[in-house]
Amino acid sequence: MRTPGILIFGMVLAPCGLILNLIATAAPSWRTLNNLPNTPSSTFIQQGIWDICSASTIVTGVTCGLQDTLYFSNQIIQIAQGLMVASLIVTLIGLCVAIPGVRCWTDRPNWVLAGLGGLVFFLSGVMTIIPIAWYTNILKSVTTVTPTIDVRVGYCIILGYIGGIFEILAGIVMAIGICRCCGGKNRGERRIEEVTGYDQSCRSYKYVLHPEMINIVVIAL
1 MRTPGILIFG MVLAPCGLIL NLIATAAPSW RTLNNLPNTP SSTFIQQGIW DICSASTIVT
61 GVTCGLQDTL YFSNQIIQIA QGLMVASLIV TLIGLCVAIP GVRCWTDRPN WVLAGLGGLV
121 FFLSGVMTII PIAWYTNILK SVTTVTPTID VRVGYCIILG YIGGIFEILA GIVMAIGICR
181 CCGGKNRGER RIEEVTGYDQ SCRSYKYVLH PEMINIVVIA L
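In terms of the UniProt record's numbering, the sequence shown has 142 at position 142, counting the first letter as 1, and numbering is strictly consecutive.
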C-alpha cells in the first residue's frame with residue numbers, strides 16, 4: 001500500500017514551515033525604519049525580536065547589536081520571543097510523532113499517530129501566527145517614532161505568515177487521519193486481512209467461514 005497523499009502533503013508542508021519560522025525567528029527584520037532623522041537617507045534600521053541592525057543601500061556592510069531598551073522591553077517582543085521559540089520546539093515534537101505514524105517504509109500508516117502529529121503541527125502554526133499578527137497590527141506603535149520615519153513590514157513577517165499557514169495546513173490534512181481511522185471503525189470497516197483471511201506475514205491464505213456464509217449454505221441446501 002502506498003503512503004496516502006494527504007500524509008505526504010502534510011509531511012512536506014511541516015518541515016517547510018519549520019524552516020521559514022526558524023528564519024523569521026532568528027533574522028532581525030520584523031520591521032524596517034527608513035528616513036531616519038540626522039542620518040543619511042541611504043541608511044535604514046532593521047528590527048527583529050532578538051537583534052537590531054543598521055544597513056545602507058549603498059554600502060554592503062551591516063552593523064548589528066544596536067541597543068534599544070525601550071523596543072526590547074515592549075510586551076509584544078517578549079511574547080514573540082517565547083511563542084516563536086516554543087513553536088519551533090512544538091514542530092519538532094510533531095515531526096517525532098508524525099514520522100512513526102506515516103511509516104513510509106511499511107504497507108500501512110498508523111492513522112491515529114499521524115493524526116496526533118497533525119494536531120501538534122496545527123498548534124505550532126497557531127503559536128506562530130499569534131505573535132506575527134499581533135506585531136503587524138501594532139507595527140508603527142511598537143515604539144514611538146516620529147511622523148517622518150517610514151515604517152515598513154520586514155521580510156520576517158511575511159516568512160512567518162507563510163510558515164505558520166504551512167504548519168496549520170499540514171496539521172489539518174494530517175488530522176484527517178483520526179477521522180479516517182475512527183470513522184472507518186464506526187462504520188464497521190475491517191482490514192483486508194480480516195475479510196479475505198490473507199496473512200501478509202507468511203504470504204498464505206486462511207479461509208474463514210463466517211456465520212453469514214453458513215446461513216447462506218444452509219438456505220441453499
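Glycine included, each C-beta is placed from N, C-alpha and C at the ideal position. Since the structure is predicted, the reported quantities are computational estimates derived from the model, not experimental observations.
With respect to the C-alpha of Ala170, the residue from Leu116, Pro147, Val142 having the closest C-alpha is Leu116. In the DSSP assignment, Ser56 falls within the unbroken beta strand (DSSP E) covering 52–56. Between Gly82 and Met11, the alpha-carbon positions lie close to 25 angstroms from each other.
DSSP places Asn74 outside both helix and strand once states are collapsed to three, so it counts as coil. Between Gly125 and Glu167, the gap from beta carbon to beta carbon is short of 8 angstroms. For the 8 angstroms CB-CB criterion, Pro28 and Ile79 do not form a contact. With at least 16 other beta carbons inside 10 angstroms of its own, Asn21 counts as buried.
At the C-beta level, Ile6 and Val173 come within 8 angstroms of one another.
Under the three-state reduction of DSSP, Leu36 is assigned to coil, being neither helix nor strand.
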